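At position 423 of the sequence shown (counting the first as 1) the number is 423 in my numbering, and the numbers step up by one without a gap. Ideal placement from N, C-alpha and C gives every residue a C-beta, glycine not left out. This one's a predicted model, so the numbers in the text were calculated from it and none came from an experiment. Here is the structure we will look at.
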Amino acid sequence: MQRWSVHAAVLALVLSGASSGALRGREAIEPRPWSALYDEAVAALAGSDAHAAVDAVERAARRAPPNHPYLLYAKVRAYTKAGRTDDAFTALGLLAEKGIAADVLVSPSFEALRDHGRWPEWQEKLQALVAPAQRSVVAFRLNEPDFFPDAMTYDRGSRRFLIGSLFKRKVVVVDEVSGRVVDYATSREAGFLGVRGLQADNQRGALYVLSAGGPEMQGYAAADEGQSFLHRLQLSSGRQVTRTPPPPLAAGHLLDELVQAADGTLYMTDARAGVLYRWRPGARAMEPFVTIGADLRPSGLAWSADGRALYVSHIEGISRIMLPTREAVPVGNPASVTLVGIDGLAAYQGDLIAVQNGLPGLSRVVRLRLAPDGVNVRAVDILDANLPDHDMPTSGVVVGDGYYYIANSQLRRFTAPGVPGPADALQKPVIRRVNLVTKAEQPGKTAAAR
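Structure below.
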(Lines of atoms letter the chains of each structure in order from A; the text may use other names.)
(Lines give C-alpha, C1' and ligand atoms only; values in the text may rest on other atoms or scores of the structure.)
Protein backbone atom coordinates (compact mmCIF):
# COMPACT_ATOMS: atom_id res chain seq x y z
CA MET A 1 0.00 0.00 0.00
CA GLN A 2 1.35 3.43 -0.89
CA ARG A 3 0.68 7.17 -1.35
CA TRP A 4 -3.09 7.37 -0.87
CA SER A 5 -2.62 4.86 1.92
CA VAL A 6 0.83 4.75 3.46
CA HIS A 7 1.89 8.30 2.65
CA ALA A 8 -1.49 9.97 2.83
CA ALA A 9 -2.33 8.33 6.12
CA VAL A 10 1.06 9.22 7.55
CA LEU A 11 0.72 12.83 6.44
CA ALA A 12 -2.76 12.93 7.92
CA LEU A 13 -1.45 11.75 11.26
CA VAL A 14 1.19 14.47 11.18
CA LEU A 15 -0.66 17.33 9.53
CA SER A 16 -4.37 16.86 10.15
CA GLY A 17 -6.21 19.73 11.66
CA ALA A 18 -9.66 18.39 10.77
CA SER A 19 -12.35 18.82 13.36
CA SER A 20 -13.10 15.49 14.99
CA GLY A 21 -16.33 16.83 16.46
CA ALA A 22 -17.95 16.70 13.04
CA LEU A 23 -17.38 12.96 13.01
CA ARG A 24 -19.31 12.21 16.20
CA GLY A 25 -22.64 10.57 15.51
CA ARG A 26 -22.12 10.80 11.77
CA GLU A 27 -23.99 8.12 9.86
CA ALA A 28 -23.24 7.35 6.25
CA ILE A 29 -26.17 7.94 3.94
CA GLU A 30 -24.90 5.10 1.79
CA PRO A 31 -22.26 2.42 2.43
CA ARG A 32 -18.72 3.65 2.03
CA PRO A 33 -15.53 1.59 1.84
CA TRP A 34 -13.80 0.97 5.12
CA SER A 35 -10.66 2.68 3.83
CA ALA A 36 -12.58 5.98 3.64
CA LEU A 37 -13.84 5.45 7.18
CA TYR A 38 -10.27 4.69 8.23
CA ASP A 39 -9.14 8.05 6.83
CA GLU A 40 -11.78 9.72 8.98
CA ALA A 41 -10.54 7.75 11.99
CA VAL A 42 -6.98 8.94 11.37
CA ALA A 43 -8.23 12.53 11.29
CA ALA A 44 -10.19 11.98 14.50
CA LEU A 45 -7.13 10.53 16.24
CA ALA A 46 -5.28 13.75 15.43
CA GLY A 47 -7.97 15.76 17.20
CA SER A 48 -8.66 16.34 20.88
CA ASP A 49 -12.00 14.54 21.23
CA ALA A 50 -11.21 11.04 22.51
CA HIS A 51 -14.78 9.79 22.28
CA ALA A 52 -15.08 10.93 18.67
CA ALA A 53 -11.83 9.11 17.92
CA VAL A 54 -13.16 5.88 19.45
CA ASP A 55 -16.43 6.21 17.52
CA ALA A 56 -14.62 6.80 14.23
CA VAL A 57 -12.20 3.92 14.73
CA GLU A 58 -14.92 1.46 15.73
CA ARG A 59 -17.05 2.54 12.76
CA ALA A 60 -14.17 1.76 10.40
CA ALA A 61 -13.37 -1.51 12.17
CA ARG A 62 -16.91 -2.78 11.71
CA ARG A 63 -16.53 -2.42 7.94
CA ALA A 64 -12.90 -3.57 7.64
CA PRO A 65 -11.60 -7.14 7.39
CA PRO A 66 -11.46 -8.67 10.90
CA ASN A 67 -8.44 -7.63 12.95
CA HIS A 68 -6.86 -5.59 10.18
CA PRO A 69 -3.54 -4.29 11.60
CA TYR A 70 -4.30 -0.67 10.69
CA LEU A 71 -7.51 -0.79 12.70
CA LEU A 72 -5.92 -2.70 15.58
CA TYR A 73 -3.27 0.00 15.85
CA ALA A 74 -5.92 2.71 15.60
CA LYS A 75 -7.89 0.99 18.36
CA VAL A 76 -4.85 0.92 20.64
CA ARG A 77 -4.43 4.66 20.06
CA ALA A 78 -8.10 5.52 20.45
CA TYR A 79 -8.68 3.42 23.57
CA THR A 80 -5.52 4.77 25.18
CA LYS A 81 -6.65 8.30 24.35
CA ALA A 82 -10.05 7.60 25.95
CA GLY A 83 -8.59 5.97 29.07
CA ARG A 84 -9.94 2.52 28.16
CA THR A 85 -6.70 0.72 28.98
CA ASP A 86 -8.15 -2.80 29.15
CA ASP A 87 -9.54 -2.42 25.64
CA ALA A 88 -6.23 -0.92 24.50
CA PHE A 89 -4.27 -3.90 25.83
CA THR A 90 -6.70 -6.30 24.16
CA ALA A 91 -6.18 -4.63 20.78
CA LEU A 92 -2.43 -4.52 21.41
CA GLY A 93 -2.43 -8.26 22.02
CA LEU A 94 -4.09 -8.92 18.67
CA LEU A 95 -1.60 -6.61 16.96
CA ALA A 96 1.36 -8.33 18.63
CA GLU A 97 0.06 -11.74 17.50
CA LYS A 98 0.65 -10.51 13.95
CA GLY A 99 4.24 -9.63 14.81
CA ILE A 100 3.70 -5.87 14.99
CA ALA A 101 4.64 -3.63 17.90
CA ALA A 102 4.28 -0.38 15.93
CA ASP A 103 5.56 2.57 17.97
CA VAL A 104 3.87 1.63 21.24
CA LEU A 105 7.21 1.47 23.06
CA VAL A 106 8.20 5.04 22.23
CA SER A 107 5.28 7.21 21.10
CA PRO A 108 3.87 9.78 23.56
CA SER A 109 0.42 8.59 22.44
CA PHE A 110 0.90 5.44 24.52
CA GLU A 111 2.43 6.92 27.65
CA ALA A 112 -0.65 5.93 29.68
CA LEU A 113 -0.11 2.29 28.72
CA ARG A 114 3.56 2.40 29.64
CA ASP A 115 2.63 3.84 33.05
CA HIS A 116 0.05 1.12 33.67
CA GLY A 117 0.64 -1.72 36.10
CA ARG A 118 0.23 -4.28 33.30
CA TRP A 119 3.00 -2.77 31.21
CA PRO A 120 5.90 -4.96 32.44
CA GLU A 121 4.22 -8.08 31.03
CA TRP A 122 4.08 -6.41 27.62
CA GLN A 123 7.41 -4.64 27.45
CA GLU A 124 9.61 -7.67 26.82
CA LYS A 125 7.26 -9.07 24.19
CA LEU A 126 7.12 -5.79 22.28
CA GLN A 127 10.87 -5.25 22.51
CA ALA A 128 11.39 -8.65 20.90
CA LEU A 129 9.16 -7.59 18.02
CA VAL A 130 11.20 -4.46 17.32
CA ALA A 131 14.61 -6.11 17.70
CA PRO A 132 16.84 -5.34 14.70
CA ALA A 133 17.39 -8.02 12.06
CA GLN A 134 20.02 -7.49 9.40
CA ARG A 135 21.17 -9.29 6.30
CA SER A 136 22.06 -6.16 4.35
CA VAL A 137 25.01 -3.84 3.96
CA VAL A 138 25.04 -0.21 2.85
CA ALA A 139 25.51 -0.16 -0.92
CA PHE A 140 25.77 3.62 -1.32
CA ARG A 141 24.41 6.95 -0.14
CA LEU A 142 23.11 10.02 -1.93
CA ASN A 143 24.46 13.44 -0.99
CA GLU A 144 21.14 15.32 -0.80
CA PRO A 145 19.37 14.93 2.57
CA ASP A 146 16.21 16.50 1.12
CA PHE A 147 16.08 14.13 -1.86
CA PHE A 148 13.20 11.99 -0.48
CA PRO A 149 13.69 8.97 -2.77
CA ASP A 150 10.77 6.70 -3.58
CA ALA A 151 11.64 4.76 -6.74
CA MET A 152 14.63 2.99 -8.23
CA THR A 153 15.60 0.75 -11.12
CA TYR A 154 18.78 -0.71 -12.59
CA ASP A 155 20.28 -0.14 -16.03
CA ARG A 156 21.99 -3.47 -16.70
CA GLY A 157 23.64 -2.27 -19.89
CA SER A 158 25.69 0.47 -18.24
CA ARG A 159 25.68 -0.91 -14.67
CA ARG A 160 24.04 2.06 -13.05
CA PHE A 161 21.14 2.69 -10.73
CA LEU A 162 18.48 5.30 -11.40
CA ILE A 163 16.70 6.77 -8.39
CA GLY A 164 13.68 9.06 -8.38
CA SER A 165 12.92 11.89 -5.98
CA LEU A 166 9.42 12.68 -4.79
CA PHE A 167 10.36 16.08 -3.44
CA LYS A 168 12.90 17.33 -5.99
CA ARG A 169 10.95 15.91 -8.95
CA LYS A 170 13.98 14.46 -10.66
CA VAL A 171 15.92 11.28 -11.40
CA VAL A 172 19.59 10.80 -10.58
CA VAL A 173 21.96 8.15 -11.88
CA VAL A 174 24.46 6.31 -9.67
CA ASP A 175 27.37 4.50 -11.28
CA GLU A 176 27.61 1.04 -9.70
CA VAL A 177 31.40 0.90 -10.01
CA SER A 178 32.52 4.43 -9.13
CA GLY A 179 29.55 5.47 -6.99
CA ARG A 180 29.40 8.80 -8.84
CA VAL A 181 25.98 10.48 -8.64
CA VAL A 182 24.72 12.96 -11.25
CA ASP A 183 21.35 14.37 -12.26
CA TYR A 184 19.80 12.39 -15.10
CA ALA A 185 16.52 14.23 -15.77
CA THR A 186 14.61 16.93 -13.91
CA SER A 187 11.14 18.43 -13.90
CA ARG A 188 12.46 21.37 -15.90
CA GLU A 189 13.25 19.15 -18.89
CA ALA A 190 10.66 16.41 -18.48
CA GLY A 191 7.80 18.02 -16.58
CA PHE A 192 8.00 15.52 -13.74
CA LEU A 193 5.73 15.78 -10.76
CA GLY A 194 6.81 13.65 -7.79
CA VAL A 195 8.69 10.61 -9.15
CA ARG A 196 7.02 7.39 -7.96
CA GLY A 197 7.96 4.61 -10.36
CA LEU A 198 10.92 3.73 -12.60
CA GLN A 199 11.57 0.94 -15.10
CA ALA A 200 14.67 0.63 -17.29
CA ASP A 201 14.23 -1.14 -20.63
CA ASN A 202 17.66 -2.05 -21.98
CA GLN A 203 16.29 -3.90 -25.01
CA ARG A 204 14.50 -0.80 -26.31
CA GLY A 205 16.79 1.84 -24.85
CA ALA A 206 14.07 3.46 -22.75
CA LEU A 207 13.50 4.59 -19.20
CA TYR A 208 9.88 4.74 -18.07
CA VAL A 209 9.00 7.13 -15.27
CA LEU A 210 5.75 7.49 -13.35
CA SER A 211 5.15 10.88 -11.77
CA ALA A 212 2.18 12.22 -9.85
CA GLY A 213 1.15 15.31 -7.95
CA GLY A 214 1.17 15.06 -4.18
CA PRO A 215 2.03 16.87 -0.95
CA GLU A 216 5.55 15.41 -0.82
CA MET A 217 6.75 17.35 -3.87
CA GLN A 218 8.51 20.67 -4.16
CA GLY A 219 6.25 23.48 -5.33
CA TYR A 220 3.13 21.55 -4.41
CA ALA A 221 -0.22 23.18 -5.19
CA ALA A 222 -3.70 21.80 -4.68
CA ALA A 223 -4.19 21.80 -8.46
CA ASP A 224 -1.50 19.12 -8.73
CA GLU A 225 -3.69 16.56 -6.96
CA GLY A 226 -4.97 13.93 -9.35
CA GLN A 227 -2.39 14.71 -12.05
CA SER A 228 -0.20 11.80 -13.16
CA PHE A 229 1.91 10.80 -16.16
CA LEU A 230 3.87 8.02 -17.79
CA HIS A 231 7.09 9.51 -19.17
CA ARG A 232 9.24 7.71 -21.73
CA LEU A 233 12.86 8.86 -21.80
CA GLN A 234 15.81 7.84 -23.92
CA LEU A 235 17.80 5.62 -21.57
CA SER A 236 21.22 6.73 -22.76
CA SER A 237 20.60 10.49 -22.54
CA GLY A 238 17.58 11.16 -20.33
CA ARG A 239 15.85 13.06 -23.14
CA GLN A 240 12.07 12.82 -22.88
CA VAL A 241 10.36 11.17 -25.85
CA THR A 242 6.72 11.07 -24.75
CA ARG A 243 4.56 12.01 -21.75
CA THR A 244 1.28 10.12 -21.52
CA PRO A 245 -1.55 10.76 -19.04
CA PRO A 246 -4.08 8.11 -18.02
CA PRO A 247 -7.60 8.34 -19.47
CA PRO A 248 -9.54 11.30 -18.00
CA LEU A 249 -11.23 10.54 -14.69
CA ALA A 250 -13.08 12.98 -12.46
CA ALA A 251 -11.43 11.66 -9.29
CA GLY A 252 -7.97 11.96 -10.82
CA HIS A 253 -5.05 9.56 -10.86
CA LEU A 254 -1.96 8.54 -8.94
CA LEU A 255 0.23 6.25 -11.05
CA ASP A 256 2.40 4.48 -8.54
CA GLU A 257 4.39 1.40 -9.61
CA LEU A 258 5.13 -0.30 -12.92
CA VAL A 259 6.57 -3.52 -14.31
CA GLN A 260 7.41 -4.56 -17.85
CA ALA A 261 6.68 -7.77 -19.76
CA ALA A 262 9.18 -9.37 -22.12
CA ASP A 263 7.39 -7.89 -25.14
CA GLY A 264 7.75 -4.38 -23.72
CA THR A 265 4.19 -4.03 -22.41
CA LEU A 266 3.94 -1.98 -19.23
CA TYR A 267 1.53 -2.57 -16.36
CA MET A 268 0.95 0.26 -13.88
CA THR A 269 -1.00 0.62 -10.66
CA ASP A 270 -3.13 3.70 -10.09
CA ALA A 271 -3.55 4.06 -6.34
CA ARG A 272 -6.16 6.78 -6.67
CA ALA A 273 -8.37 5.26 -9.37
CA GLY A 274 -7.85 1.69 -8.16
CA VAL A 275 -7.01 0.49 -11.67
CA LEU A 276 -4.24 -1.61 -13.19
CA TYR A 277 -3.37 0.06 -16.50
CA ARG A 278 -1.64 -1.46 -19.52
CA TRP A 279 0.46 0.33 -22.13
CA ARG A 280 1.72 -1.41 -25.26
CA PRO A 281 4.86 -0.25 -27.10
CA GLY A 282 3.94 2.23 -29.79
CA ALA A 283 0.52 2.97 -28.34
CA ARG A 284 -0.53 6.58 -27.89
CA ALA A 285 -2.55 5.85 -24.76
CA MET A 286 -2.69 3.46 -21.85
CA GLU A 287 -5.80 1.37 -21.26
CA PRO A 288 -7.54 0.04 -18.15
CA PHE A 289 -6.65 -3.63 -17.75
CA VAL A 290 -8.18 -4.64 -14.41
CA THR A 291 -10.30 -2.62 -11.98
CA ILE A 292 -9.01 -3.43 -8.51
CA GLY A 293 -11.03 -0.81 -6.65
CA ALA A 294 -10.20 2.68 -5.46
CA ASP A 295 -10.95 1.58 -1.90
CA LEU A 296 -8.09 -0.97 -2.09
CA ARG A 297 -5.48 1.61 -3.20
CA PRO A 298 -3.22 -0.73 -5.20
CA SER A 299 0.50 -0.04 -5.20
CA GLY A 300 3.32 -2.59 -5.55
CA LEU A 301 3.68 -4.92 -8.54
CA ALA A 302 5.70 -8.08 -9.18
CA TRP A 303 5.69 -10.93 -11.68
CA SER A 304 4.84 -14.55 -10.98
CA ALA A 305 7.56 -17.08 -11.72
CA ASP A 306 5.92 -18.14 -15.00
CA GLY A 307 5.19 -14.59 -16.16
CA ARG A 308 1.47 -15.34 -16.53
CA ALA A 309 0.33 -13.44 -13.45
CA LEU A 310 0.99 -10.24 -11.56
CA TYR A 311 1.04 -9.77 -7.81
CA VAL A 312 -0.46 -6.48 -6.64
CA SER A 313 -0.14 -5.18 -3.09
CA HIS A 314 -2.96 -3.10 -1.63
CA ILE A 315 -4.54 -2.01 1.62
CA GLU A 316 -5.90 -5.49 2.38
CA GLY A 317 -2.81 -7.50 1.40
CA ILE A 318 -1.82 -8.98 -1.96
CA SER A 319 -3.84 -10.19 -4.94
CA ARG A 320 -2.68 -12.39 -7.81
CA ILE A 321 -4.02 -11.37 -11.22
CA MET A 322 -3.96 -13.92 -14.03
CA LEU A 323 -3.19 -12.00 -17.22
CA PRO A 324 -5.05 -14.32 -19.67
CA THR A 325 -8.32 -14.15 -17.71
CA ARG A 326 -7.80 -10.92 -15.71
CA GLU A 327 -9.08 -12.79 -12.65
CA ALA A 328 -7.87 -11.49 -9.27
CA VAL A 329 -7.41 -13.91 -6.36
CA PRO A 330 -6.37 -12.86 -2.84
CA VAL A 331 -3.10 -14.35 -1.63
CA GLY A 332 -3.56 -16.31 1.59
CA ASN A 333 -1.24 -16.25 4.57
CA PRO A 334 -0.82 -17.79 8.04
CA ALA A 335 -2.75 -16.00 10.79
CA SER A 336 0.49 -14.91 12.46
CA VAL A 337 1.71 -13.19 9.29
CA THR A 338 0.46 -9.90 7.88
CA LEU A 339 0.66 -8.90 4.23
CA VAL A 340 -0.59 -5.35 4.73
CA GLY A 341 1.52 -2.21 4.67
CA ILE A 342 3.55 -3.35 1.66
CA ASP A 343 5.10 -0.56 -0.38
CA GLY A 344 7.76 -2.06 -2.65
CA LEU A 345 7.22 -5.51 -4.18
CA ALA A 346 9.64 -7.57 -6.30
CA ALA A 347 9.97 -11.14 -7.58
CA TYR A 348 12.86 -13.50 -6.82
CA GLN A 349 13.09 -17.21 -7.60
CA GLY A 350 9.38 -17.87 -7.26
CA ASP A 351 9.01 -15.80 -4.09
CA LEU A 352 8.20 -12.16 -3.38
CA ILE A 353 10.42 -9.56 -1.74
CA ALA A 354 8.38 -6.90 0.04
CA VAL A 355 9.07 -3.70 1.95
CA GLN A 356 6.55 -3.11 4.75
CA ASN A 357 6.17 0.39 6.16
CA GLY A 358 2.42 0.91 6.55
CA LEU A 359 2.40 1.71 10.27
CA PRO A 360 4.68 3.81 12.46
CA GLY A 361 7.31 1.40 13.75
CA LEU A 362 6.67 -1.19 11.01
CA SER A 363 9.94 -1.10 9.13
CA ARG A 364 11.16 -4.25 7.45
CA VAL A 365 12.13 -6.10 4.29
CA VAL A 366 10.75 -9.62 4.04
CA ARG A 367 10.84 -12.59 1.71
CA LEU A 368 7.38 -14.03 1.22
CA ARG A 369 7.86 -17.73 0.49
CA LEU A 370 5.05 -18.80 -1.78
CA ALA A 371 3.43 -22.21 -1.87
CA PRO A 372 3.61 -24.10 -5.19
CA ASP A 373 0.11 -22.87 -6.08
CA GLY A 374 1.35 -19.28 -6.04
CA VAL A 375 -1.69 -18.05 -4.13
CA ASN A 376 -0.59 -18.74 -0.57
CA VAL A 377 2.31 -17.55 1.54
CA ARG A 378 3.70 -20.49 3.49
CA ALA A 379 6.35 -18.58 5.47
CA VAL A 380 7.98 -15.18 5.83
CA ASP A 381 11.72 -14.59 6.18
CA ILE A 382 12.54 -11.30 7.87
CA LEU A 383 15.61 -10.06 6.02
CA ASP A 384 16.06 -6.56 7.44
CA ALA A 385 14.07 -4.94 10.22
CA ASN A 386 14.27 -1.92 12.50
CA LEU A 387 17.77 -0.85 11.51
CA PRO A 388 19.19 2.43 12.83
CA ASP A 389 19.09 4.05 9.39
CA HIS A 390 15.55 2.88 8.61
CA ASP A 391 13.25 5.87 8.23
CA MET A 392 10.26 4.65 6.25
CA PRO A 393 11.96 2.29 3.76
CA THR A 394 10.05 2.11 0.50
CA SER A 395 10.91 0.27 -2.69
CA GLY A 396 13.83 -1.46 -4.35
CA VAL A 397 15.09 -3.57 -7.22
CA VAL A 398 16.52 -7.08 -7.54
CA VAL A 399 19.95 -7.18 -9.17
CA GLY A 400 21.40 -10.68 -9.42
CA ASP A 401 21.09 -12.24 -5.96
CA GLY A 402 20.78 -8.90 -4.21
CA TYR A 403 17.85 -6.67 -3.34
CA TYR A 404 18.78 -2.98 -3.31
CA TYR A 405 16.27 -0.85 -1.45
CA ILE A 406 15.69 2.68 -0.20
CA ALA A 407 16.26 2.48 3.56
CA ASN A 408 15.24 6.01 4.53
CA SER A 409 12.76 7.77 2.29
CA GLN A 410 12.04 10.08 5.30
CA LEU A 411 8.50 10.64 4.02
CA ARG A 412 7.22 11.13 7.55
CA ARG A 413 9.45 14.17 7.91
CA PHE A 414 7.21 16.74 6.25
CA THR A 415 5.81 19.51 8.40
CA ALA A 416 3.23 20.70 5.84
CA PRO A 417 2.35 19.86 2.23
CA GLY A 418 5.44 20.56 0.13
CA VAL A 419 7.45 21.55 3.21
CA PRO A 420 10.09 19.13 4.53
CA GLY A 421 11.38 19.27 8.06
CA PRO A 422 14.47 21.29 9.01
CA ALA A 423 17.73 20.33 7.34
CA ASP A 424 19.37 19.25 10.58
CA ALA A 425 16.60 16.65 11.04
CA LEU A 426 17.26 15.00 7.67
CA GLN A 427 19.83 12.36 6.75
CA LYS A 428 21.50 11.46 3.48
CA PRO A 429 19.47 8.79 1.66
CA VAL A 430 20.82 5.28 2.20
CA ILE A 431 20.53 2.43 -0.31
CA ARG A 432 21.04 -1.02 1.22
CA ARG A 433 21.76 -4.36 -0.44
CA VAL A 434 20.22 -7.54 0.98
CA ASN A 435 21.86 -10.84 0.12
CA LEU A 436 19.02 -13.03 -1.15
CA VAL A 437 21.02 -16.24 -1.47
CA THR A 438 19.21 -18.79 0.65
CA LYS A 439 20.87 -20.89 3.22
CA ALA A 440 21.43 -23.37 4.91
CA GLU A 441 23.60 -20.28 4.16
CA GLN A 442 22.19 -17.15 5.79
CA PRO A 443 18.65 -17.68 7.01
CA GLY A 444 16.64 -14.71 8.05
CA LYS A 445 14.31 -15.00 11.01
CA THR A 446 11.27 -16.90 9.76
CA ALA A 447 7.72 -16.12 10.81
CA ALA A 448 5.42 -18.90 9.66
CA ALA A 449 3.48 -19.53 12.84
CA ARG A 450 3.94 -18.51 16.40
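In the structure shown, Glu-257 adopts extended strand secondary structure according to DSSP, grouped into three states. Between Ala-151 and the set Gly-274, Ser-211 and Phe-140, the nearest pair of CA atoms involves Ser-211.
Under the three-pair Cβ rule at 8 Å, the stretch 248–256 does not count as touching the stretch 178–193.
Apart from the 5 residues on each side of it in sequence, Ala-60 sits with its Cβ closer than 8 Å to the Cβ of Trp-34, Leu-37, Tyr-38, Glu-40, Ala-41, Leu-71 and Ala-74 in its chain, given in chain order. Around the beta carbon of Arg-169, a 10 Å sphere encloses 16 or more other beta carbons of the protein chains shown; the residue is thus reported as buried. Apart from sequence neighbours up to five positions away, the residues of its chain that approach Trp-119 with a beta-carbon distance below 8 Å are Leu-113, ordered along the chain. For the 8 Å CB-CB criterion, Ser-165 and Phe-148 form a contact. Here the alpha carbons of Ser-158 and Ala-305 stand approximately 26 Å from one another. One Cα belongs to Gly-293, the other to Leu-368, and the distance between them is close to 24 Å. Linking Val-398 to Val-340 through their CA atoms gives a straight-line distance of about 21 Å. Under the criterion of beta carbons closer than 8 Å, Ser-395 and Gly-317 do not qualify as touching, at roughly 18 Å. Leu-95 is the residue among His-51, Ala-78, Phe-89 and Leu-95 whose C-alpha sits nearest the C-alpha of Pro-66. Taking C-beta atoms under 8 Å as the contact rule, Arg-412 and Leu-426 fail to qualify, at a distance of about 11 Å.
In this structure, Leu-436 keeps its C-beta atom at 8 Å or more from the C-beta atom of Tyr-311.
Contact between Val-177 and Phe-161 fails: their C-beta atoms lie close to 11 Å from each other, not under 8 Å. It is roughly 22 Å from the alpha-carbon of Trp-303 to the alpha-carbon of Ala-273.
Residue Phe-167 holds the alpha-carbon nearest to the alpha-carbon of Glu-216 among Arg-243, Phe-167 and Arg-378. Straight-line spacing of the CA atoms in Pro-132 and Pro-69 works out to 21 Å. Restricted to the stretch 393–422, the beta strand (DSSP E) segments that are unbroken, complete and at least 3 residues in length are 396–399, 402–406 and 414–416, listed in chain order. In this structure, the CA atom of Ile-163 is about 9 Å from the CA atom of Val-195.
For Arg-114, the uninterrupted alpha helix (DSSP H) run begins and ends at 111–114, by DSSP. Inclusion of Leu-359 and Ala-44 in the CB contact set at 8 Å is not warranted, their separation being larger than that value.
In this structure Thr-325 is exposed. Its beta-carbon is surrounded by fewer than 16 other beta-carbon atoms within 10 angstroms. Scanning the stretch 299–345 for uninterrupted beta strand (DSSP E) segments of 3 residues or longer gives 301–303, 309–314, 317–322 and 327–330, listed from N- to C-terminal end. Scanning its chain for C-beta atoms nearer than 7 Å, with the 5 sequence neighbours on each side dropped, one finds around Ala-88 the residues Val-76, Tyr-79, Thr-80 and Leu-113, in chain order.
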